[in-house]
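To keep things clear, I will list the structure first and then write my remarks on it.
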Amino acid sequence: MKKIEYREQALKIFPWVCASCGRDFSGKKLCELTVHHKDHNFKNNPPDGSNWELLCLYCHDNEHSRFLDAEWLPTEDADRKKGPTSTHNPFADLANLVKKRDQYKKKDKADE
Ligand SMILES: [Zn+2]
Ligand SMILES: [Zn+2]
1179 MKKIEYREQA
1189 LKIFPWVCAS
1199 CGRDFSGKKL
1209 CELTVHHKDH
1219 NFKNNPPDGS
1229 NWELLCLYCH
1239 DNEHSRFLDA
1249 EWLPTEDADR
1259 KKGPTSTHNP
1269 FADLANLVKK
1279 RDQYKKKDKA
1289 DE
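Residue numbers for the sequence shown follow the working numbering, beginning at 1179 and rising by one.
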């Protein structure tokens, strides 16, 4: 089962509250509610939800600070909010290339 699919399935089964702190995440805050795997195996997804627990981002983080495993990853919703992180400017490189090309030209002329 894909991550986004088991999340949707879990949201169908459980009430939209954090199982740890009990906060209500219905409505716009729903993206802060994540699916935790009780056995910490994200590949173990029984459709009855017996391995799942809904935890908010903060409680989920706490739950995993004691464990190093691959289950805790940002949700797709969180990824979508991120803008492009690259500060690389392709035009700066282009300007350098043009400069270099002009230098070669000048050199050629000097050799003549
Ligand atoms: Zn919580
Ligand atoms: Zn978890």
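Backbone N, C-alpha and C define an ideal beta-carbon position, used for all residues, glycine too.
A quick note: this is a predicted structure, and the numbers were derived from the prediction, not measured.
Buried versus exposed, by CB contacts within 10 Å (16 or more), residue i
i	result
residue 1270	exposed
residue 1274	exposed
Nearest neighbour of residue i, chosen from the options [CA to CA]
i	options	result
residue 1215	1184, 1278 and 1279	1184
residue 1219	1229, 1238 and 1211	1229
Check whether residue i and residue j have beta carbons under 8 Å apart
i	j	result
residue 1235	residue 1212	yes
residue 1233	residue 1241	yes
residue 1237	residue 1209	no
residue 1227	residue 1182	no
Chain B within 8 Å of residue i, Cβ atoms only
i	result
residue 1186	Protein chains in the displayed structure number just one, and chain B is not present.
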